[in-house]
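Position 40 of the sequence shown, counted from 1, bears residue number 156 in my numbering, the numbering being contiguous throughout.
The beta carbon of each residue, even a glycine, is placed where N, CA and C say it ideally should be.
Report on one structure; see the data block that follows.
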Amino acid sequence: MATVQDILGRKGSDVVSMVAGESVLNAARLMNERGVGGVVVTDGGEVVGVFTERDILRRVVAEQLDPAATTLQEVMTSPVITCRPEAELEECVGLMTVKRVRHLPVVDDSGLRGVITSGDILAHQVQEQKDTIEYLNSYVFDIRR
117 MATVQDILGR KGSDVVSMVA GESVLNAARL MNERGVGGVV VTDGGEVVGV
167 FTERDILRRV VAEQLDPAAT TLQEVMTSPV ITCRPEAELE ECVGLMTVKR
217 VRHLPVVDDS GLRGVITSGD ILAHQVQEQK DTIEYLNSYV FDIRR
């Protein structure tokens, strides 16, 4: 069974994070620069939330808040839902579905190790299916020879 660590092994463990007191405007700019849909929010080195494009729409734009004057702490998704590197992907899919989140910070006893998204899981599943198809094609064609 595939684990979170399998995804982190492929995509890397680079995490885009910001402190809770940063403005929504700065977060949006950073997300745009880095091409990511969310940032992990920290306070004193601890993961305290996640701030995503969805939060911008629902909690900032829809509420007519000023992004330059609004801090991440005011509008982030918290308490944060996390997973561990050894967690199975099926478990994470269930957690994301039930909690209606698309970003899961990955933490272990040493702290933040990465972030996985629903898109990462989907890409991993697609790659696994491609690998299986390639293996089966190879097997079938070897039998025919």
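Inset, instruction - Look at the Cβ atom of Q189, then the Cβ atom of G165, and state whether they are nearer than 9 Å. - result: yes
Inset, instruction - Indicate the three-state DSSP secondary structure (helix, strand or coil) for D159 in the structure shown. - result: strand
Inset, instruction - In the DSSP assignment, find the unbroken beta strand (DSSP E) run with I271 in it and report its ends. - result: Residue 271 lies beyond the range of the chain shown here (117 to 261); nothing can be said about it.
Inset, instruction - Please report how far the alpha carbon of N253 lies from the alpha carbon of Q241, in whole angstroms. - result: 18 Å
Inset, instruction - Check whether the Cβ atoms of H219 and V209 lie closer than 9 Å to each other. - result: no
Inset, instruction - Would you mind giving the Cβ-Cβ distance between V196 and V163, rounded to the nearest angstrom? I have them listed as a contact below 8 Å. - result: 5 Å
Inset, instruction - Inspect the beta-carbon positions of G154 and E169 and report whether they are closer than 9 Å. - result: yes
Legend entry - Contacts around T186, its chain only, beta-carbon distance under 7 Å, and the 5 residues preceding and following it disregarded: S139, V140, V176
Legend entry - Nearest-angstrom Cα separation, counted from L173 out to L181: 10 Å
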